[in-house]
Amino acid sequence: MPGNRQPRVRCGNEPRPAPAMEPAGRGAWAHSRAALGRLENLLRCSRCANILKEPVCLGGCEHIFCSDCVSDCLGTRCPVCHTPAWIQDVKINRQLDNMIQLCSKLRNLIHDSKLSGVKVCIQRKVCVQEEKYEIPDGPQRSRLNRQQLLPRLFDGCYFYFGGTFTHHPKDSLIKLVTAAGGQVLSRKPKPDSDVTQTINTVAYHAKPDSDQRFCTQYIIYEDLSNYCPERVRQGKVWMAPSSWFIDCVTSFELLPLDS
């Protein structure tokens, strides 16, 4: 052979050269940004194409809009597919709104240098103190509450789940109640019953100047379903939608209920 070079035979078990990779941490971070970008593309208004603000559906179709973008369409038709839009069917999708807010916090976590704790951990390959980089509001309140050995979020609260739960599985809600220090009732509480009156607990995380401080028993229903229970707001027993319950968990706060 020319140059007396011996042919090289590759063994089938010989590992192939590893493809060139990005520096440690940088590739994973790029994938995270790309995944978040794809998720945000799914959370855009069907009319203005921006990230949804107070997302609403018009009832007759699957298109989702910012509430301001369809204020002129209520009672007429969907601006995209022209399906009739009934005013009584229009409602803000609280669960989707919560997801949008979470995406916003994740974007801050990835892109904002003040909230880049995960990025710092990847780059340094060591754990750093979370206090410098943690997401504010609910996560921060939760950490401080636990650090100070204060009662858990639903301490002193009882919950009864009535009706059918589709968007929020009842088993998942019950686990959240237990994890947050609350208790689950197997029977629907009655405001005027002797059993209700004998419960003397106080909701620790309710605002001190609110009458909600003395409300300890909540009847939770799923507000995205067709189940419309009779309104209860008397003494220690109040009715609340499942979206309120989820908002309380994400913000780590016993939020006020609309009267």
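According to full-length UniProt numbering, the residues represented by the sequence shown are 1 to 259, in order.
Glycine included, C-beta positions come from ideal geometry on N, C-alpha and C.
Length-filtered (3 minimum) beta strand (DSSP E) runs lying within the UniProt domain "BRCT" (149–259): As far as the UniProt domain "BRCT" (149–259) is concerned, its whole beta strand (DSSP E) runs of at least 3 residues are 158–161, 217–221 and 237–241.
Cysteine 78 - DSSP class collapsed to helix/strand/coil: Of the three classes helix, strand and coil, the one that applies to cysteine 78 here is coil, per DSSP.
Residues that DSSP places opposite arginine 44 in a beta bridge: In the DSSP output, where bridge partners are listed per residue, arginine 44 has Ile51.
Inter-stretch contact at 8 Å, needing at least 3 Cβ pairs: the segment 146–158 / the segment 173–183: Here the segment 146–158 lies against the segment 173–183, with 3 or more beta-carbon pairs under 8 Å apart.
Classification of phenylalanine 252 by the beta-carbon crowding that lies within 10 angstroms, buried from 16 upward: With 16 or more other CB atoms across the displayed protein chains lying within 10 angstroms of its CB, phenylalanine 252 is buried.
DSSP three-state assignment for asparagine 98, whether helix, strand or coil: It is helical.
Touch test, the segment 162–174 against the segment 199–216, Cβ-Cβ under 8 Å, three pairs minimum: Taking 8 Å as the limit for Cβ pairs, the verdict is that the segment 199–216 does not touch the segment 162–174.
Proline 136 (DSSP reduced to helix, strand or coil): Coil at proline 136, not helix or strand.
Selected residue, minimal CA-CA separation from phenylalanine 159, among Gly59, Leu257, Val237 and Cys78: Residue Val237 is the option with its Cα nearest to phenylalanine 159.
Own chain residues within Cβ distance below 8 Å of glutamate 22, not counting five before or after: Bear in mind that the predicted position of glutamate 22 carries a pLDDT of just 42, short of 50, making it unreliable; the figure below should be weighed with that in mind. Shown here for glutamate 22: same chain residues with a beta carbon closer than 8 Å to its own, the five before and five after excluded, namely Ala30 in chain order.
Phenylalanine 214 versus lysine 190 - alpha carbon distance: Cα-Cα distance, rounded: 15 Å.
Among Ser210, Thr250, Leu257 and Leu173, nearest to arginine 231 - alpha-carbon criterion: Checked all of Ser210, Thr250, Leu257 and Leu173; the closest Cα to arginine 231 is Leu257.
Test: lysine 190 CB closer than 8 Å to a CB of chain D: Considering every chain present, this structure includes no chain D. It has just one protein chain.
Under the three-state DSSP convention, the category lysine 125 falls into: Coil, per DSSP.
According to DSSP, residues forming a beta bridge with cysteine 57: Per DSSP, the beta bridge partners of cysteine 57 are Ile64 and Lys91.
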